[in-house]
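Protein chains: 2
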Amino acid sequence: MDALPDRPRFAVVGAGAVGCYYGGRLAQHGHDVHWLLRSDYDHVRQHGMEIHSKDGDFILKPSALNLYHRPQEMPKADVVLVTLKTTTNNRFQELITPLLHDQTAILTLQNGLGNEQQLADLFGPSRILGGLAFVCINRTAPGHIRHTDYGMIKIGEFGRPISQRLRQIDTMFNASKVECHMLDDLNMGRWEKLIWNVPFNGLGAALALTTDKIINHPAGLELARQLMDEVIRTAHAAGFNLDATLLELNIRRTLTMGAYRSSMQIDRESGRAIELDAIIGNPLRTAQKLGVSTPRLQMLYALLSMQEATPAPHQAVG
Amino acid sequence: MDALPDRPRFAVVGAGAVGCYYGGRLAQHGHDVHWLLRSDYDHVRQHGMEIHSKDGDFILKPSALNLYHRPQEMPKADVVLVTLKTTTNNRFQELITPLLHDQTAILTLQNGLGNEQQLADLFGPSRILGGLAFVCINRTAPGHIRHTDYGMIKIGEFGRPISQRLRQIDTMFNASKVECHMLDDLNMGRWEKLIWNVPFNGLGAALALTTDKIINHPAGLELARQLMDEVIRTAHAAGFNLDATLLELNIRRTLTMGAYRSSMQIDRESGRAIELDAIIGNPLRTAQKLGVSTPRLQMLYALLSMQEATPAPHQAVG
Numbered sequence: 016m017d018a019l020p021d022r023p024r025f026a027v028v029g030a031g032a033v034g035c036y037y038g039g040r041l042a043q044h045g046h047d048v049h050w051l052l053r054s055d056y057d058h059v060r061q062h063g064m065e066i067h068s069k070d071g072d073f074i075l076k077p078s079a080l081n082l083y084h085r086p087q088e089m090p091k092a093d094v095v096l097v098t099l100k101t102t103t104n105n106r107f108q109e110l111i112t113p114l115l116h117d118q119t120a121i122l123t124l125q126n127g128l129g130n131e132q133q134l135a136d137l138f139g140p141s142r143i144l145g146g147l148a149f150v151c152i153n154r155t156a157p158g159h160i161r162h163t164d165y166g167m168i169k170i171g172e173f174g175r176p177i178s179q180r181l182r183q184i185d186t187m188f189n190a191s192k193v194e195c196h197m198l199d200d201l202n203m204g205r206w207e208k209l210i211w212n213v214p215f216n217g218l219g220a221a222l223a224l225t226t227d228k229i230i231n232h233p234a235g236l237e238l239a240r241q242l243m244d245e246v247i248r249t250a251h252a253a254g255f256n257l258d259a260t261l262l263e264l265n266i267r268r269t270l271t272m273g274a275y276r277s278s279m280q281i282d283r284e285s286g287r288a289i290e291l292d293a294i295i296g297n298p299l300r301t302a303q304k305l306g307v308s309t310p311r312l313q314m315l316y317a318l319l320s321m322q323e324a325t326p327a328p329h330q331a332v333g
Numbered sequence: 016m017d018a019l020p021d022r023p024r025f026a027v028v029g030a031g032a033v034g035c036y037y038g039g040r041l042a043q044h045g046h047d048v049h050w051l052l053r054s055d056y057d058h059v060r061q062h063g064m065e066i067h068s069k070d071g072d073f074i075l076k077p078s079a080l081n082l083y084h085r086p087q088e089m090p091k092a093d094v095v096l097v098t099l100k101t102t103t104n105n106r107f108q109e110l111i112t113p114l115l116h117d118q119t120a121i122l123t124l125q126n127g128l129g130n131e132q133q134l135a136d137l138f139g140p141s142r143i144l145g146g147l148a149f150v151c152i153n154r155t156a157p158g159h160i161r162h163t164d165y166g167m168i169k170i171g172e173f174g175r176p177i178s179q180r181l182r183q184i185d186t187m188f189n190a191s192k193v194e195c196h197m198l199d200d201l202n203m204g205r206w207e208k209l210i211w212n213v214p215f216n217g218l219g220a221a222l223a224l225t226t227d228k229i230i231n232h233p234a235g236l237e238l239a240r241q242l243m244d245e246v247i248r249t250a251h252a253a254g255f256n257l258d259a260t261l262l263e264l265n266i267r268r269t270l271t272m273g274a275y276r277s278s279m280q281i282d283r284e285s286g287r288a289i290e291l292d293a294i295i296g297n298p299l300r301t302a303q304k305l306g307v308s309t310p311r312l313q314m315l316y317a318l319l320s321m322q323e324a325t326p327a328p329h330q331a332v333g
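Going line by line, the protein sequences match chains G and A.
If you use this note's numbering, the first sequence corresponds to residues 16 to 333, in order.
If you use this note's numbering, the second sequence corresponds to residues 16 to 333, in order.
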């Protein structure tokens, strides 16, 4: 909980689209960023990173990048940015432990519910911060990132009010072309984001439909509202008093969003594991623990679980 | 409601797999069957029908078939067998009216709920009979039918007890290699069949999964039970006192069924319209009219409705 040094060392664990983009913006603006790469290591070491962003393209040459293949090779960091897919959270211990000194802060920018708790269980709650990334971003090839829309992040301490280190990180992001806001209540923010993520990631993946196909269909619009209502009622039971107007606000936003492919739909159609537990399963388990009736959330989880047990449709049918 | 003549004239409206098979069995056994064919007319006129059946193959040569392209060309019938897909029920008036004399009985062997009522609204309730076909059957090419499993039918009067004409039809089918049973309460039989059709046709089509993939997944098994429970509670509210043991009976039967592709899954994957209203929509509307809470049935209807508004997955992604 101490303040960070003036020029903190960042370690980025999970160099997919989100890790490369947000870590990349910090590196672009002179921060000391160290990257753990797995499959893309050789390519990035040779060619660097190329980021096409609606907020301005930039290239990070190999000479400007601190790249590592194993966490044991990395120096201790002051801030670990966790940008792994939540489907690989079982690797937290192995990948993060070598990077920690006594005061290292861990900021997870992952999707959904439960990531901070999992990190806190392993590394102690006082280190943990969380962030929500509102961004449409893709890794199109090794070292190639395409940032097409949005980009704001909201960060907060895990179960604590805004701290000095949080303000420092907020300032650094905002000075690095990343719009950043601080949350008094991180979990409130997580639940607020789930209002959108549950219906549109969930239904988008289950049906292989973009947001417009869901929301412009009367039955889809009604179902989206019903799922949002189940999320809001669960959040209320969990002590997060989400404003009821958020439901219609999310509907209105989605109506003007166009044909948006959610990350879960993209993962599903690409044959990758979807972030089922973080986005659908953990909210459902919260509802069940608190006795909140959420039949549609439960059914959505069942549908996606069954699909995950089989190959993606376009692979199965060919 | 009068008895049928000793050698009644049958008209088959809807010469797909079900129409060709059950009409074909009657023709094979010497009954007077007249067929209305649309797309397959030219092929069947030239080559006849070829039925591969687990109960014995048979061929009907063109010379043994009474084939028509338009209902106006057909003689009046004593029994009209309606075997159209329910997605074309809007053609009842046009296709059936020319076939009726004062005493013509209309027996629909279509899937789901509401077909008898639609026929009764058009042609008067006293003509109407209904039947449930428990059969796995496919039209593999024009004039080619493959009957792979089951085959029994259960027939009943529409809202009336077993009649003389029903007994006559029952006898004719049983003498034509079709196991036939009579129902005291046709609608009770329809609801009973929906216990299976709602989860396995519905989920099979929505997820492109065969029955084994659904029932052998813990979440799928639970969801199937929940959907069955919603159907049974709706039937109860509608006055059909389905035995609660039917739920587990249907689960057990499905567990031994193997990898079964439901008709709705086949239709969906073939890019054809699914029988959404007959199998899912009409039970849902009954529940809503009677104030029965069926959130999963409603969600299933919403999912399938959204999918129907878009091409089948393998066409969209391919």
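Heads up, the beta-carbon is just placed ideally off N, CA and C, and yes, glycines get one too.
Query raised in the report: Residues of chain G with a CB under 9 Å from the CB of Gly235(A): which are they?
Result: Those within 9 Å of Gly235(A) in chain G are Ala317, Leu318, Ser320, Met321 and Ala324.
Query raised in the report: In or out: Arg180(A) buried (at least 16 other Cβ within 10 Å) or exposed?
Result: Buried.
Query raised in the report: Alpha carbon to alpha carbon, how far is Leu315(A) from Gly63(G)?
Result: Spanning the alpha carbons of Leu315(A) and Gly63(G) requires a straight line of approximately 47 Å.
Query raised in the report: Is the segment 286 to 293 of chain A in contact with the segment 208 to 219 of chain G, if contact means three or more CB pairs nearer than 8 Å?
Result: Not touching, per the Cβ criterion.
Query raised in the report: Taking DSSP as the reference, what is the three-state secondary structure of Tyr165(A)?
Result: In the three-state reduction of the DSSP assignment, Tyr165(A) falls in the strand class.
Query raised in the report: Mind checking if Ala331(A) is an interface residue toward chain G, Cβ cutoff 8 Å exclusive?
Result: Bear in mind that the predicted position of Ala331(A) carries a pLDDT of just 36, short of 50, making it too unreliable to give a figure here.
**Report entry** Residue-level contact to chain G via CB, Pro298(A), 8 Å cutoff
**Finding:** It does not; no Cβ of chain G falls within 8 Å.
Requested in this report: Give the interface partners of Arg60(A) over in chain G, defined as CB-CB distance under 9 Å, in chain order.
Outcome: For the C-beta of Arg60(A), not a single chain G residue is nearer than 9 Å; the gap to the nearest is close to 34 Å.
**Report entry** Same chain, Cβ closer than 8 Å to Arg205(G), five either side skipped, listed in chain order
**Finding:** The residues are Gly127, Leu128, Gly145 and Leu147.
Report task. Just the chain G side, please: which residues come within less than 8 Å of Lys228(A) by C-beta, in chain order? Result -> Per Cβ cutoff of 8 Å: Met321, Ala324 and Thr325.
Query raised in the report: Leaving out the 5 sequence neighbours to the left and right, which residues in its chain are closer than 7 Å to Gly333(A) when beta-carbon positions are compared?
Result: With a pLDDT of only 29 at Gly333(A), under the threshold of 50, the placement of this residue in the model should not be trusted, and no figure is reported.
**Report entry** Sequence-distant residues of the same chain with beta carbon closer than 8 Å to Ala18(A), five excluded per side
**Finding:** Gln179, Arg180 and Gln183.
Query - Backbone CA spacing between Leu236(A) and Leu110(A) [nearest angstrom] - result: Between Leu236(A) and Leu110(A), the C-alpha separation is close to 41 Å.
**Report entry** CB contact check: Gln240(G) to chain A, cutoff 8 Å
**Finding:** Here the sequence assigns Arg to residue 240(G), which means Gln is not the residue at that position. For Arg240(G), the answer is no, since every Cβ of chain A falls outside 8 Å of its Cβ.
Query raised in the report: Is the shortest distance between the beta-carbon of Leu222(G) and the beta-carbons of chain C less than 8 Å?
Result: The structure shown contains no chain C; its protein chains are G and A.
Report task. Give me whichever residues DSSP pairs with Glu65(G) in a beta bridge. Result -> In the DSSP secondary-structure assignment, Glu65(G) is bridged to Ile74(G) and His159(G).
**Report entry** Three-state secondary structure assigned by DSSP to Val33(G)
**Finding:** Reduced to three states, the DSSP call for Val33(G) is helix.
Report task. Evaluate Gln313(A) with the Cβ neighbour count: other Cβ atoms within 10 Å of its Cβ, from every protein chain shown; 16 or more gives buried, anything less gives exposed. Result -> The residue is buried, with at least 16 neighbouring Cβ atoms inside 10 Å.
Query raised in the report: For the segment 279 to 313 of chain A, which residues have a CB atom closer than 7 Å to at least one CB atom of chain G, in sequence order?
Result: Along the segment 279 to 313 of chain A, the positions whose C-beta sits under 7 Å from a C-beta of chain G are Glu284, Pro310 and Arg311, read in chain order.
Requested in this report: Please name the residues in the segment 33 to 52 of chain A whose beta-carbon is closer than 7 Å to at least one beta-carbon of chain G, in chain order.
Outcome: Result list empty, no residue passes.
Query raised in the report: Considering only C-alpha positions, which residue in the set Ala26(G), Asn297(G), Ala250(G) and Asp47(G) is nearest to Glu88(G)?
Result: Of the candidates Ala26(G), Asn297(G), Ala250(G) and Asp47(G), the residue whose Cα lies closest to the Cα of Glu88(G) is Ala26(G).
**Report entry** Span separating the alpha-carbon of Asn130(A) from that of Pro140(A)
**Finding:** CA-to-CA, the gap between Asn130(A) and Pro140(A) works out to about 12 Å.
Query raised in the report: beta strand (DSSP E) containing Phe25(G): first to last residue?
Result: Per DSSP, Phe25(G) belongs to the beta strand (DSSP E) from Arg24 to Val28.
**Report entry** Chain-ordered chain G contacts of His232(A) [CB-CB under 7 Å]
**Finding:** Ser320, Met321 and Ala324, listed in chain order.
Query raised in the report: Which whole-angstrom value describes the C-beta separation of Gln125(G) and Phe107(G), a residue pair presumed to lie in contact below a C-beta threshold of 8 Å?
Result: Gln125(G) to Phe107(G), Cβ: 10 Å. No contact.
**Report entry** Val150(A) vs Leu122(A) beta-carbon contact at 8 Å
**Finding:** No; because the gap between Cβ atoms is not below 8 Å, this pair is not in contact.
Query raised in the report: Taking Cβ positions, are Thr249(A) and Ala302(A) nearer each other than 8 Å?
Result: The Cβ atoms of Thr249(A) and Ala302(A) sit closer than 8 Å to each other.
**Report entry** alpha helix (DSSP H) segments (min. 4 residues) lying fully within the segment 220 to 246 of chain G
**Finding:** Every unbroken stretch of the alpha helix (DSSP H) spanning 4 or more residues and falling wholly within the segment 220 to 246 of chain G is given here in chain order: 226 to 230.
Query raised in the report: When the Cβ atoms of the segment 219 to 227 of chain A are set against those of the segment 273 to 284 of chain A, are three or more pairs found closer than 8 Å?
Result: At 8 Å Cβ cutoff, the stretches touch.
Requested in this report: Given a cut-off of 8 Å, decide if His251(G) and Gly158(G) are closer than it, judged by their beta-carbon atoms.
Outcome: No. Outside cutoff.
Query raised in the report: Using 8 Å as the threshold, is the segment 42 to 62 of chain A in touch with the segment 162 to 172 of chain A, meaning 3 or more CB pairs across them?
Result: Not touching, per the Cβ criterion.
Query - Residues near His67(A) by beta carbon distance below 6 Å, same chain, minus five either side - result: Excluding residues within five positions, the ones whose Cβ falls inside 6 Å are Arg161.
**Report entry** Completely contained alpha helix (DSSP H) runs for the segment 263 to 311 of chain G, where each covers 4 or more residues
**Finding:** Fully enclosed alpha helix (DSSP H) runs of 4 or longer: 278 to 284 and 297 to 305.
Query - Proximal residues to Ile152(A) (C-beta, below 6 Å), its chain only, five neighbours per side dropped - result: Closer than 6 Å at Cβ, skipping near neighbours: Ala32, Tyr36 and His162.
Requested in this report: Count the other CB atoms, across all protein chains shown, that sit within 10 Å of the CB of Leu270(A); report buried if there are 16 or more and exposed otherwise.
Outcome: Exposed, because fewer than 16 other Cβ atoms sit within 10 Å of the Cβ of Leu270(A).
**Report entry** Opening and closing residue of the beta strand (DSSP E) in which Leu19(G) lies
**Finding:** Here Leu19(G) belongs to no beta strand (DSSP E), and DSSP marks it neither H nor E.
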